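These notes are about the structure you will find just below.
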Amino acid sequence: SDTVEVSEVFIRTYGSRDGDGDDAGGGRNGLSEHYDVSSSATCVVALEGAPAAGRGGLYTVPRGPGPNCAVSNHPALRQYFPLSPGDGVVHTWDVLHGADIDP
Numbered sequence: 056s057d058t059v060e061v062s063e064v065f066i067r068t069y070g071s072r073d074g075d076g077d078d079a080g081g082g083r084n085g086l087s088e089h090y091d092v093s094s095s096a097t098c099v100v101a102l103e104g105a106p107a108a109g110r111g112g113l114y115t116v117p118r119g120p121g122p123n124c125a126v127s128n129h130p131a132l133r134q135y136f137p138l139s140p141g142d143g144v145v146h147t148w149d150v151l152h153g154a155d156i157d158p
């Protein structure tokens, strides 16, 4: 097909929503590693500047060498994207990724 169709959009917020540094406002500081198995591609767009300031954000975990290698989710292997507000990253369903935000 020559067309792309957006089938689902959701907004996820991270960090404190109440502004006082704790999580009482319902914010979250991350999302554990996962695959987006229900979509062929996903686009993540930064809505604020924490990732550009080096305080975490979207990350991927690289695959091991070879098609059947296990993936380690050790934090030292995370590859972060320095996204400014409005910047986006598109990835396919088979990219292991997560989010980690310094409060």
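Reading the sequence shown from the start, the letters are residues 56 to 158 in my numbering.
C-beta: ideal position from N, C-alpha, C; glycine also.
This one's a predicted model, so the numbers in the text were calculated from it and none came from an experiment.
Whole-angstrom distance between residue j and residue i, CA atom to CA atom
i      : j      : result
Leu113 : His152 : 7 Å
Pro95  : Asp149 : First, the residue type needs correcting, since residue 95 is Ser and not Pro in the sequence shown. Near 8 Å, if we compare the C-alpha coordinates of Asp149 and Ser95.
Leu102 : Arg133 : 21 Å
Ser87  : Arg67  : 13 Å
Asp91  : Gly141 : 21 Å
Val61  : Val145 : 13 Å
Asp57  : Phe65  : 25 Å
Reference residue i, options the options, closest by Cα
i      : options                           : result
His129 : Gly141, Phe136, Val116 and Pro120 : Val116
Val99  : Tyr135, Gly143, Ile66 and Asp157  : Gly143
Val59  : Tyr69, Thr97 and Phe136           : Thr97
Pro137 : Thr147, Ala154 and Ala107         : Ala107
Arg83  : Tyr69, Leu102 and Thr147          : Tyr69
Gly93  : Ala101, Glu63 and Arg67           : It is Ser, not Gly, that sits at residue 93 in the sequence shown. Residue Glu63 is the option with its Cα nearest to Ser93.
Thr147 : Leu132, Ile66 and His89           : His89
Beta carbon of residue i nearer than 8 Å to that of residue j
i      : j      : result
Ser139 : Gly85  : no
Gly119 : Ile156 : no
beta-carbon residue i near the ligand NAD non-hydrogen atom, thresh 7 Å
i     : result
Val92 : The model on display carries no ligand, and the ligand NAD is accordingly not part of it.
Starting from the N-terminal side, write out each stretch of the beta strand (DSSP E) that is 3 residues or longer and does not extend beyond the region 91–142. 96–100 and 111–115
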